[in-house]
């Protein structure tokens, strides 16, 4: 599938779909030292070539925000305490106009645990966290993550066209997901 970066927005944070974790898992917040778990998970989903590169990126993006990470970065762990999924209920200035919105950032479920109904509860927890701080949210993704895009659409996110290539990406998503997306 052609790789095209995409952006999605949700203009309010009310009526967030609520999904619970299956038995045997729990969601917890970031704790000191969890950057290593974050790096392992994000590397497992091929966001980075290795854990060292992931840790380097973590330090650049979140290193000076450790206290905020304890309120915004979520992990799913097994009943044995193994961290197997993560996302961050972060924030940013999508339009460059100084208006800060919530951001779903760095979603990852380790391959061995994909398909076990963990992504929706993780998304629910992240969206609920965003709603504590913000009134709207956005995320960035890509056409190759079409299964995640389908979930984001079901969570009320809509396409945000940032450049002409985006329309091509959304048409591709309509064809792939067999659903009307563009209005």
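Numbering (this note's numbering), first residue to last: 1310 to 1492.
Glycine residues also receive a C-beta, built at the ideal position from the N, C-alpha and C atoms.
Straight-line CA distance for residue i to residue j?
{"i": "residue 1367", "j": "residue 1484", "result": "35 Å"}
{"i": "residue 1394", "j": "residue 1378", "result": "15 Å"}
{"i": "residue 1325", "j": "residue 1454", "result": "21 Å"}
{"i": "residue 1387", "j": "residue 1423", "result": "13 Å"}
{"i": "residue 1443", "j": "residue 1412", "result": "9 Å"}
{"i": "residue 1364", "j": "residue 1348", "result": "6 Å"}
{"i": "residue 1331", "j": "residue 1373", "result": "34 Å"}
{"i": "residue 1452", "j": "residue 1314", "result": "7 Å"}
{"i": "residue 1380", "j": "residue 1396", "result": "12 Å"}
{"i": "residue 1474", "j": "residue 1390", "result": "42 Å"}
{"i": "residue 1319", "j": "residue 1459", "result": "14 Å"}
{"i": "residue 1537", "j": "residue 1420", "result": "This structure leaves residue 1537 out entirely; the chain is present only between 1310 and 1492."}
{"i": "residue 1416", "j": "residue 1428", "result": "8 Å"}
{"i": "residue 1463", "j": "residue 1418", "result": "18 Å"}
{"i": "residue 1333", "j": "residue 1385", "result": "10 Å"}
{"i": "residue 1354", "j": "residue 1371", "result": "19 Å"}
{"i": "residue 1375", "j": "residue 1369", "result": "12 Å"}
{"i": "residue 1400", "j": "residue 1432", "result": "15 Å"}
{"i": "residue 1490", "j": "residue 1346", "result": "35 Å"}
{"i": "residue 1445", "j": "residue 1457", "result": "19 Å"}
{"i": "residue 1436", "j": "residue 1492", "result": "24 Å"}
{"i": "residue 1486", "j": "residue 1392", "result": "30 Å"}
For residue i, collect the residues of the same chain with a Cβ closer than 8 Å to its Cβ; drop the 5 residues on either side in sequence, then sort them by chain order.
{"i": "residue 1472", "result": "none"}
{"i": "residue 1408", "result": "1402"}
{"i": "residue 1481", "result": "1310, 1311, 1313, 1452"}
Should residue i be flagged as near chain D, meaning a C-beta pair shorter than 7 Å?
{"i": "residue 1470", "result": "Note that chain D does not occur in the displayed structure, where there is just one protein chain."}
Less than 6 Å between C-beta atoms, sequence neighbours within five positions excluded: which residues of the same chain meet that for residue i?
{"i": "residue 1341", "result": "none"}
{"i": "residue 1344", "result": "1367"}
{"i": "residue 1488", "result": "none"}
{"i": "residue 1478", "result": "1313, 1315, 1452"}
{"i": "residue 1414", "result": "1397, 1399"}
Which residues in the same chain have their Cβ closer than 7 Å to the Cβ of residue i, if we skip the five residues on either side of it in sequence?
{"i": "residue 1440", "result": "1322, 1325"}
{"i": "residue 1317", "result": "1447, 1448, 1450, 1461, 1466, 1467, 1468, 1469"}
{"i": "residue 1265", "result": "A query on residue 1265 cannot be resolved here, the shown segment of the chain reaching from 1310 to 1492 and no further."}
{"i": "residue 1476", "result": "1470"}
{"i": "residue 1352", "result": "1359, 1360, 1363"}
{"i": "residue 1357", "result": "1351, 1363, 1366"}
Who are residue i's beta bridge partners in DSSP?
{"i": "residue 1469", "result": "1316"}
Please check the pair residue i and residue j, which I expect to be a contact at CB under 8 Å, by giving their CB distance rounded to whole angstroms.
{"i": "residue 1434", "j": "residue 1350", "result": "About 15 Å; that fails the 8 Å criterion."}
{"i": "residue 1328", "j": "residue 1382", "result": "About 19 Å separates the two Cβ atoms, so there is no contact after all."}
{"i": "residue 1410", "j": "residue 1438", "result": "At roughly 14 Å, the Cβ-Cβ gap does not stay under 8 Å, so residue 1410 and residue 1438 are not in contact."}
Closer than 6 Å: is that where the CB of residue i sits relative to any heavy atom of the ligand HEM?
{"i": "residue 1327", "result": "You won't find the ligand HEM in this model; it holds no ligand whatsoever."}
Of all the beta strand (DSSP E) runs that stay within the bounds of the segment 1376-1411, which reach a length of 3 or more residues?
As far as the segment 1376-1411 is concerned, its whole beta strand (DSSP E) runs of at least 3 residues are 1382-1387, 1392-1401.
Q: Go through the segment 1408-1455 residue by residue and report every complete run of the alpha helix (DSSP H) that reaches 4 residues or more, in order.
A: Taking only runs of at least 4 residues, the alpha helix (DSSP H) segments lying wholly in the segment 1408-1455 are 1428-1442.
List in chain order: all unbroken beta strand (DSSP E) runs of 3+ residues lying wholly within the segment 1318-1383. Correct list: 1334-1338.
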